[in-house]
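J.: The following block contains the structure, expressed as structure tokens.
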Amino acid sequence: MSGSDDQGGAGRREVAYRLFAAEFDDADLSYSESDEERAPNYVVTPTGARVNRLFAVGVLTEVEPAGEDIRRARVVDPTGAFVVYAGQYQPDAQAFFDRADPPAFVAVTGKARTFQPDDADVTYTSVRPENVNEVTAETRDRWSVDTARQTLARVATMAGALAREERGDDLRRALEDEGVDAGLAAGIPLAIDHYGTTPAYLDAVHDLATQVAEVVAGDRDEVESFTTDPGASGDADLDALAALDLPASAGVDAEPAAGATASGAEAAASTVDDTTASTDTSAESGTDPAGGTASGPASEPAAESSTAVGADESDAEVSDDIGEFERGEFDIDDDEREAIEEEYGTEFQTGTEVEDPGEADIETTDAGAAEADSPGDATAAEPPEAAVGTPETDEAEADGTPDADGEAEADRKAETGETTGSGDREADEESGDAADVDLDTAVMDAMEAHDDGDGASEADIVAAVTDRLGVDDAAVKDAIQDALMGGKCYEPEDGVYKPI
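The numbers in the working numbering rise by one with no breaks, and the one at position 241 of the sequence shown is 243.
Written as structure tokens, this is what we have:
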């Protein structure tokens, strides 16, 4: 991603970082670049990741009440625990946690948040979920590899920045000129200034990431406890860290290794057993977390995670040990399809079952007029369960940090407006044609066909699917977002998608 490709901004959807719990829990810097009501808030980590949204996969080990109509969940990755708060304005996530039966593998996409109690000096991190889904052990392993790769790339970029003379805005411009993602280029100077990130910390994160890779590959039983502070002193070779042969991107993925086996599933399954015994942590309220250190799947913080472990990985060692995803993993089965037909009145399963024009006593129109008169196409392919996370446009960024009682009113109003069910149903009924053709499959086919190794651009996917199915651009873009949130693909760059 070039320096001109900004991660986001006011009113623009941010790329979701893959980030280990360890590094996320080391973060205590939150900021916004402007005073605009819809300007996004960012959490900056010690390696320079500027995180608005994050994507995490791990073991759901615990769900507990954290106030009226609020659920607090712990999602443990190989390095530590994410703390996730779901309230009444995240109804789908809250319902998922209510019916969840820990331990279980889950994927969470949500907004990064920090919180500092009035009577404490420590800052806690948490996630406000947009979307939560149950996944498989293979998904968790693949996420671990991709996240480690991103972290290693970020460590290399940060190491190179530490070796430079520029600081502040000068460093930001220099990094952007070298092709570093605009978000990472903005985050690195802030991290250096705020945390005083040292080579010793970067070296420790590098080693930890390598351990994550070894765990997934079956060469190690668990990740060692991570106790290095961002400002820790010690000897480390900056040149060696900066010379890592990885792309200098921000939170975006490098290409995952293909042709793998599912050997990580056994290790992941054992992690579930290990983490089940580690959920006996104190939970008095949403604002009373006792400072703790999450140093692995079996060690969790007392309430909100405050200093969990950052992680990295050498992707070359594990590229052949992680299983590919099954294409049918997220397909709709016959029962679900029948239920959708009954609710939305589609009355047929595929585009081949539509009667010829005029046979149903419906006045026919030309294609141009039909497209002009079809306002519902933009949401036709959107499944109703994706209403929480998919329409995110950062209008919920007006306030700063969450507390145990939930998000600020501006966040809640924005999210409430985005999850209105009646409008979605009307749009689905008006544009059943786009929904009943297999739009999701067409999107994934186009994504694979136009993947040149670095992913397929949104424009190419949209053009291919609209030519194939005749649906409008907005419906295809919604289907791409559904695939992204459903774990079928990821964004190696902003506006570029790669199938998993």
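Built from N, CA and C at the ideal position, the CB exists for glycine as well.
I believe Thr63 touches Arg156 by the beta-carbon criterion, under 8 Å. Please report the beta-carbon distance rounded to the nearest angstrom.
T.: Not a contact, Cβ separation roughly 27 Å.
J.: What residues in its chain sit with their C-beta under 6 Å from that of Ser459, if we drop five residues either side in the sequence?
T.: For Ser459, where only same-chain residues beyond five positions count, the Cβ hits under 6 Å are Val498.
J.: Report the three-state DSSP secondary structure of Gly189 (helix, strand or coil).
T.: DSSP places Gly189 in helix when its eight states are reduced to three.
J.: Report the option in Ser34, Asp462 and Gly60 whose CA atom is closest to the CA atom of Leu21.
T.: With distances taken between Cα atoms, Leu21 lies closest to Gly60.
J.: When DSSP labels each residue in this structure, what does Glu1 get in the three-state scheme?
T.: Lying before the first or after the last residue shown, residue 1 is absent from the chain, which here runs from 3 to 502.
J.: Determine which residues share a DSSP beta bridge with His497 and list them.
T.: For clarity, residue 497 is Gly in the given sequence; the question names His instead. Answer by DSSP bridge pairing: none, since Gly497 is not bridged.
J.: Going by other Cβ atoms of all chains shown within 10 Å of its Cβ, with 16 needed for buried, is Asp223 buried or exposed?
T.: It counts as exposed.
J.: Can you find at least 3 beta carbon pairs, one from the segment 457-473 and one from the segment 439-449, that sit closer than 8 Å?
T.: Yes: the two stretches touch, three or more of their Cβ pairs being nearer than 8 Å.
J.: Tell whether a beta-carbon distance below 8 Å holds between Phe99 and Ala88.
T.: Closer than 8 Å, so yes.
J.: Alpha carbon to alpha carbon, what distance is there between Tyr492 and Leu240?
T.: Distance between the alpha carbons of Leu240 and Tyr492 is about 31 Å.
J.: Count the other CB atoms, across all protein chains shown, that sit within 10 Å of the CB of Arg144; report buried if there are 16 or more and exposed otherwise.
T.: By the 10 Å Cβ count, Arg144 comes out buried.
J.: Under DSSP, the alpha helix (DSSP H) around Thr47 begins and ends at which residues?
T.: No alpha helix (DSSP H) holds Thr47; DSSP gives it neither H nor E.
J.: Considering only the alpha carbon of each residue, which of His452, Asp453, Ile463 and Gly457 lies closest to Asp442?
T.: If we check each option's Cα against that of Asp442, Ile463 comes out closest.
J.: Note the first and the last residue of the continuous alpha helix (DSSP H) segment covering Arg144.
T.: First-last of the alpha helix (DSSP H) with Arg144: Ala139 to Leu164.
J.: Is it right to say Arg101 is buried, meaning 16 or more other beta carbons lie within 10 angstroms of its own, or is it exposed?
T.: Answer is exposed; the Cβ neighbour count stays below 16.
J.: Taking buried to mean at least 16 other C-beta atoms within 10 Å of its own C-beta, is Thr513 buried or exposed?
T.: Missing from the structure shown is residue 513; the chain here goes from 3 to 502 and no further.
J.: If you draw a straight line from the C-alpha of Ser34 to the C-alpha of Gly189, how long is it?
T.: Approximately 12 Å between the Cα atoms of the pair.
J.: Which residue from Ala109, Tyr126 and Ile194 puts its Cα closest to that of Phe117?
T.: With distances taken between Cα atoms, Phe117 lies closest to Tyr126.
J.: Measure from the alpha carbon of Met487 to the alpha carbon of each residue in Val110, Arg76, Ser128 and Ala95, then state which is nearest.
T.: When only C-alpha atoms are compared, the closest one is Val110.
J.: Can you tell which of Asp121, Arg142, Val108 and Asp94 has the C-alpha that lies nearest to the C-alpha of Glu132?
T.: For Glu132, the nearest C-alpha among the options comes from Asp94.
J.: Could you check if Pro67 is buried or exposed, using at least 16 other CB atoms within 10 Å of its CB as the buried criterion?
T.: That one is exposed.
J.: Strictly by DSSP, which residues pair up with Thr127?
T.: Thr116, per the DSSP bridge assignment.
J.: Looking at Thr230: is its Cβ nearer than 8 Å to the Cβ of Ala211?
T.: No, the Cβ-Cβ distance between Thr230 and Ala211 is not below 8 Å.
J.: Starting from Glu64, trace the beta strand (DSSP E) both ways and give me its first and last residue.
T.: First-last of the beta strand (DSSP E) with Glu64: Arg55 to Pro67.
J.: Going by the beta-carbon positions, is the gap between Gly170 and Pro191 smaller than 8 Å?
T.: Result yes, Cβ atoms of Gly170 and Pro191 sit closer than 8 Å.
J.: In the DSSP assignment, find the unbroken beta strand (DSSP E) run with Asp19 in it and report its ends.
T.: A small fix is needed here, since residue 19 is Tyr in this sequence, not Asp. That run of the beta strand (DSSP E) goes Ala18 to Arg20.
J.: What residue does the alpha helix (DSSP H) around Val445 start on, and which one ends it?
T.: Unbroken alpha helix (DSSP H) run through Val445: Leu441 to Ala451.
J.: How would you label Glu25, buried or exposed, when you count the other beta carbons within 10 angstroms and need 16 or more for buried?
T.: Per the 10 Å Cβ criterion, buried.
J.: I'd like to confirm the pairing. Which residues does DSSP put opposite Arg492 in its beta bridges?
T.: Here residue 492 turns out to be Tyr, not Arg, going by the sequence shown. According to DSSP, which records beta bridges pairwise, Tyr492 is partnered with Lys500.
J.: How long is the line joining the alpha carbons of Arg76 and Arg166, rounded to whole angstroms?
T.: Computed Cα separation, rounded: 39 Å.
J.: Around the Cβ of Ala238, are there at least 16 other Cβ atoms within 10 angstroms (buried) or fewer (exposed)?
T.: So Ala238 counts as buried.
J.: From Asp184 to Glu178, what does the alpha carbon distance come to, in whole angstroms?
T.: Checking the sequence, you will find Ala at residue 184 rather than Asp. Going by the C-alpha atoms only, they are around 6 Å apart.
J.: Assign Ala461 to one of two classes, buried (16 or more other C-beta atoms within 10 Å of its C-beta) or exposed (fewer than that).
T.: Exposed, since its Cβ has fewer than 16 Cβ neighbours within 10 Å.
J.: Using alpha carbons as the reference points, say which of Asp30, Asp453, Pro232 and Ala481 lies closest to Asp123.
T.: Of Asp30, Asp453, Pro232 and Ala481, the residue nearest in Cα terms is Asp30.
J.: Please name the residue or residues paired with Phe107 in a DSSP beta bridge.
T.: Note: Phe107 sits in a beta bridge opposite Val61.
J.: Are the Cβ atoms of Arg55 and Ala114 separated by less than 8 Å?
T.: Contact: yes.
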